[in-house]
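Reviewing the structure listed below.
Residue numbers (the numbering used here): 1231 to 1528.
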């Protein structure tokens, strides 16, 4: 059985009782391969954005401890979590935390919030990392990151290195992006030399299921990337492999991508342990894959 727990309303002191009315419900999610049990907090918010704010604050209140080294993710929820972490440091609720930013945006937010920062080096111990997920597969908690436009020196490679180096990973996602079957784009980093051969191999591999477009730096987006294709700081191109129908298994797609010559990295992350915080206007779902994945290895 997968680890599951309830989120009590007392864990959310930043939302007044007039805007939050809570009922706890237990749900079971089952498939042919895995099962998750989850406890759900059902709430009513006067502010429709409060669900994501609640998720960000829950990530800090429940998982961040004094003295930790924290990987600071990218995206709206991660920015809210960084801001709240800074508040908790200022009032002394948490002490001696060091942040490892995954991107330029998270570094900027952390600097404004007063969080001490260090750059990641190989072998650096990271206790916990949190990040936004673009979409997530319910059955496995496999997720996609990197769909957003890269800023400056942002790097999907660096972001994944930090997330995968952490002892524990927290992914925050909106309810509508938490799906039984995932579709849409997977960013795939490829070597710029002979990039077209890799693109054609990917196109043949997923023929009928996905389109393959090279990501542009500016201007026209299309199969060839327009006149100004994006080149990452590591010197790679990004192919957006756009699945026009739901994938049977995001994990299997990721394993296939790992085997293709010319593919350097991709935006699929599949971790154990991983906790998903799923936010909606009605509250949160908290799902952990640790026990389920350990059981599958027995």
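The beta carbon of each residue, even a glycine, is placed where N, CA and C say it ideally should be. Bear in mind that the values here come from a model prediction, so they are computed numbers and not experimental data.
- Exclusion of the five residues before and after residue 1283 leaves 1310 as the residues of its chain whose Cβ lies within less than 7 Å of its Cβ.
- Scanning its chain for C-beta atoms nearer than 7 Å, with the 5 sequence neighbours on each side dropped, one finds around residue 1415 the residues 1377, 1470, 1471 and 1472, in chain order.
- For residue 1449, no alpha helix (DSSP H) segment is defined, and its DSSP state is neither H nor E.
- Straight-line spacing of the CA atoms in residue 1368 and residue 1341 works out to 34 Å.
- Residue range 1334–1343 is occupied by the alpha helix (DSSP H) that includes residue 1338.
- Counted as a single uninterrupted DSSP element, the alpha helix (DSSP H) harbouring residue 1287 occupies residues 1280–1293.
- In the three-state reduction of the DSSP assignment, residue 1494 falls in the strand class, which pools E and B.
- Cβ contact annotation for residue 1445 (same chain, cutoff 8 Å, sequence separation greater than five): 1417, 1451, 1455, 1459, 1460, 1467, 1468, 1469 and 1470, in chain order.
- Taking a contact as a CB-CB distance under 8 Å, the pair residue 1399 and residue 1503 counts as one, their CB atoms being some 7 Å apart.
- Taking the CA atoms as reference points, residue 1314 sits about 31 Å from residue 1410.
- 1407 is the residue among 1353, 1407 and 1438 whose C-alpha sits nearest the C-alpha of residue 1507.
- DSSP lists 1472 as the bridge partner or partners of residue 1441.
- DSSP places residue 1483 inside the alpha helix (DSSP H), whose first and last residues are 1480–1488.
- The three-state secondary structure of residue 1383, taken from DSSP, is coil.
- Less than 8 Å divides the Cβ of residue 1373 from the Cβ of residue 1365.
- Scanning its chain for C-beta atoms nearer than 6 Å, with the 5 sequence neighbours on each side dropped, one finds around residue 1397 the residues 1357, in chain order.
- In the DSSP assignment, residue 1315 forms no beta bridge with any residue.
- The secondary-structure analysis by DSSP pairs residue 1361 across a beta bridge with 1401.
- Of the residues assessed, residue 1361 falls on the buried side of the cut-off, its CB having 16 or more other CB atoms within 10 angstroms.
- Per the C-alpha coordinates, the member of 1485, 1510, 1449 and 1419 positioned closest to residue 1495 is 1419.
- With fewer than 16 neighbouring CB atoms inside 10 Å of its own CB, residue 1448 falls in the exposed class.
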